[in-house]
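Visitor:
Numbering (the numbering used here), first residue to last: 24 to 667.
(1) Count the other C-beta atoms from every protein chain shown that fall within 10 angstroms of the C-beta of residue 250, then say buried if there are 16 or more, exposed otherwise.
(2) Please go through the same chain and pick out, in chain order, the residues whose beta-carbon is closer than 7 Å to the beta-carbon of residue 15, but skip the five residues on each side of it.
(3) Kindly indicate which three-state DSSP category residue 81 falls into: helix, strand or coil?
(4) Pull up the CB-CB distance for residue 128 and residue 82, whole angstroms please, since I reckon it's below 8 Å.
(5) Within a Cβ cutoff of 8 Å, which residues of the same chain sit near residue 248, ignoring the five residues on either side of it in sequence?
(6) Alpha carbons only, please: which of 624, 544, 161, 564 is nearest the one belonging to residue 570?
(7) So residue 562 is in the beta strand (DSSP E); what residue range does that whole segment cover?
(8) Pull the bridge partners of residue 431 from the DSSP assignment, please.
(9) Using DSSP with H/G/I as helix, E/B as strand and the rest coil, what is residue 227?
(10) Return the chain-ordered list of same chain residues with a C-beta closer than 7 Å to the C-beta of residue 270, the five sequence neighbours on each side being excluded.
(11) In angstroms with no decimal places, state the Cα-to-Cα distance between residue 106 and residue 136.
(12) Looking only at C-alpha atoms, which of 138, 112, 108, 87 sits nearest to residue 125?
(13) Determine the burial state of residue 449: buried for a count of at least 16 other Cβ atoms within 10 Å of its Cβ, exposed for fewer.
(14) From the DSSP output, read off the bridge partner residues of residue 468.
(15) If you draw a straight line from the alpha carbon of residue 411 to that of residue 580, how long is it in whole angstroms?
(16) Tell me the DSSP secondary structure of residue 315 in three-state form.
(17) If you drop the 5 nearest sequence neighbours on each side, which residues of the same chain put their C-beta closer than 7 Å to that of residue 475?
(18) At which residues does the beta strand (DSSP E) containing residue 626 begin and terminate?
(19) Under 8 Å, with one C-beta from each stretch per pair, do the region 155-162 and the region 178-189 reach the 3-pair mark?
(20) Measuring CB to CB, does residue 477 end up less than 8 Å from residue 425?
(21) Closest to residue 601 by C-alpha separation, out of 538, 199, 615, 469, would be which residue?
(22) Taking Cβ to Cβ, would you say residue 406 is nearer than 8 Å to residue 510?
(23) Pull the bridge partners of residue 303 from the DSSP assignment, please.
(24) Less than 8 Å between the C-beta atoms of residue 558 and residue 603, yes or no?
(25) Can you tell which of 457, 435, 378 has the C-alpha that lies nearest to the C-alpha of residue 413?
(26) Consult DSSP for residue 404 and reduce its assignment to one of helix, strand or coil.
(27) Who does residue 541 pair with in a DSSP beta bridge?
(28) Cβ of residue 195 within 8 Å of Cβ of residue 256?
(29) DSSP on residue 499, reduced to helix/strand/coil?
(30) If you follow the alpha helix (DSSP H) that residue 134 is in, where does it begin and where does it stop?
(31) Could you spell out where the beta strand (DSSP E) holding residue 619 opens and where it closes?
(32) Taking the Cβ atom as the reference point for each residue, do residue 428 and residue 447 lie within a distance shorter than 8 Å?
(33) Count the other CB atoms within 10 Å of the CB of residue 25; is the residue buried (16 or more) or exposed (fewer)?
(34) When you compare the CB positions of residue 212 and residue 167, do they come within less than 8 Å of one another, or not?
(35) Since residue 267 is in the beta strand (DSSP E), which residue starts that stretch and which ends it?
(36) Buried or exposed: where does residue 499 fall if 16 or more other Cβ atoms within 10 Å of its Cβ makes it buried?
What follows is the structure in structure tokens.
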């Protein structure tokens with residue numbers, strides 16, 4: 024139809040369609056606007072964190088909900104089954120977990136808001152029909168997780184076993200290879216971390232399955248090398264360490280061999296290409312050799328030993344020759360042995376039969392050629408003590424201990440340790456059992472009597488004017504050391520403590536010389552006098568304490584009513600002695616030795632019957648006459664001092 028004005032009118036269906044489309048757009052925009060207004064302060068629908076739908080919640084509300092969820096999760100445990108067998112449960116709390124809930128809520132809030140306008144619109148609309156999952160932001164102790172996996176592996180993994188070379192009593196055997204079973208730690212770790220990130224409970228256990236792991240070296244691979252192995256293990260390997268020769272048996276050599284899987288190529292086949300076949304290379308485990316040599320060095324290494332001197336015709340002379348020290352060079356020696364075994368393998372023989380291991384030599388300071396350079400010219404201090412009344416074993420030990428200290432040399436500035444100089448104190452070094460006090464009880468121990476040696480040396484050091492760096496008195500008074508001097512100038516020793524020590528602060532070397540004559544022990548210190556003079560004020564007794572009342576202990580080893588004294592009473596005392604060293608009238612050194620001795624009661628055994636008195640036992644009421652030393656007062660010792 025044409026209008027009066029000649030214009031064509033738009034069809035009605037077009038107008039209707041346009042109106043409909045416009046209305047639809049207005050509706051969609053209106054609904055989207057309503058959607059935006061509804062979620063302007065909350066998370067969009069289907070935003071899921073830790074298995075919880077947080078859509079419609081504010082970030083603050085989301086944090087509150089997540090806090091409850093994560094707290095409960097950390098208190099839970101996850102059941103694990105390894106091939107159907109229950110394993111130790113996984114406890115999240117063991118990983119020191121820290122959840123960052125505010126940051127997680129912000130991440131959830133950003134869903135549908137962090138992209139471009141179009142991306143946000145699409146994300147927001149899709150959230151109406153599908154979930155948007157957000158992981159919890161979490162920190163945990165990765166080392167603790169690794170430790171859990173290691174524990175799991177240690178319990179359930181079965182390592183594969185390669186074929187091995189075993190030599191037993193000269194018989195070479197190649198063992199069968201054995202497959203192993205192992206779970207994939209990376210997969211299990213991923214599952215556990217995923218549980219942490221979701222703080223999600225599992226209603227079913229985490230199932231861990233192990234897979235078979237085939238060994239890389241089989242018996243067939245090693246069998247190909249059997250002739251060569253038999254040849255190289257036909258004889259042991261001798262190690263020359265200085266003047267010592269150590270034999271490494273073939274069984275040990277076999278244990279040092281290693282096998283490494285490699286890929287070898289066969290000769291070119293008819294196809295024109297080599298075939299790829301599995302092979303094995305024989306080698307040597309240097310770490311095992313190093314461990315062996317480290318242990319060996321404990322017996323082959325030796326410290327340099329200076330010549331031991333004596334005074335002969337007024338001058339120092341050697342009575343025991345010096346000995347150079349040596350130290351095994353373990354790293355270099357490992358290389359020497361490795362080269363020798365590699366050579367045996369390559370040649371298929373048992374040569375070389377002997378190798379020389381490198382050592383570092385340390386020369387002795389004092390040798391027969393250097394004696395005259397030491398400057399040992401004169402006697403600078405001496406002391407003698409009397410041990411009359413000592414039992415035979417005590418006399419023997421005093422003589423033996425003096426022998427070990429005789430001829431000892433100290434260079435200028437060196438500290439002397441009596442305990443170190445004596446060395447081991449047992450039957451292997453010539454000592455006999457003698458009575459000592461252990462926790463106020465008299466018992467026999469090797470070396471009883473050595474405190475007579477240390478006390479005599481102490482007094483010789485004082486007379487020489489040398490500084491004392493360590494000295495302890497006995498726990499209570501001992502009559503041997505009070506003859507002609509009273510209490511206060513004794514020195515007790517026991518391995519490893521207490522010790523008696525002094526320092527050579529003279530400008531030259533000094534020589535310690537000890538000797539026993541009859542029932543007297545003497546120590547003489549030789550060196551070069553620098554004009555010093557020593558004096559001792561004391562010892563003075565400041566106070567005394569009477570012995571406590573006697574102590575009685577019942578025993579069925581004596582007849583009823585019979586008594587036997589086993590310990591004499593000891594009065595206590597406190598003494599002081601002042602040691603002063605002067606040179607040219609000037610005091611160069613001063614020490615005060617204060618000694619405290621405990622008061623101890625007499626001890627008696629009282630019979631309760633059951634055993635008749637032995638004919639050789641001491642008469643009732645008579646104490647044993649043996650003298651002995653005690654522990655030092657400070658520090659408290661759990662072991663006794665040797666009897667002086």
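The beta-carbon is built from N, C-alpha and C at its ideal position, and this holds for glycine as well.
Guide: With the given structure in hand:
(1) exposed
(2) The structure shown does not extend to residue 15, since the chain is modelled only from 24 to 667, so the question has no answer here.
(3) coil
(4) 4 Å
(5) 303, 305
(6) 624
(7) 555-568
(8) 535
(9) coil
(10) 259, 261
(11) 45 Å
(12) 87
(13) exposed
(14) 457
(15) 32 Å
(16) helix
(17) 408, 410, 421, 503, 544, 667
(18) 626-630
(19) no
(20) no
(21) 615
(22) no
(23) 284
(24) yes
(25) 457
(26) strand
(27) According to DSSP, residue 541 bridges with nothing at all.
(28) yes
(29) coil
(30) Careful: residue 134 lies outside any alpha helix (DSSP H) and carries neither H nor E.
(31) 609-620
(32) no
(33) For residue 25, the predicted structure reports a pLDDT of 49, less than 50, and the residue's modelled location is therefore unreliable. A value from the coordinates is still provided. Its Cβ having fewer than 16 others within 10 Å, residue 25 is exposed.
(34) no
(35) 267-271
(36) buried
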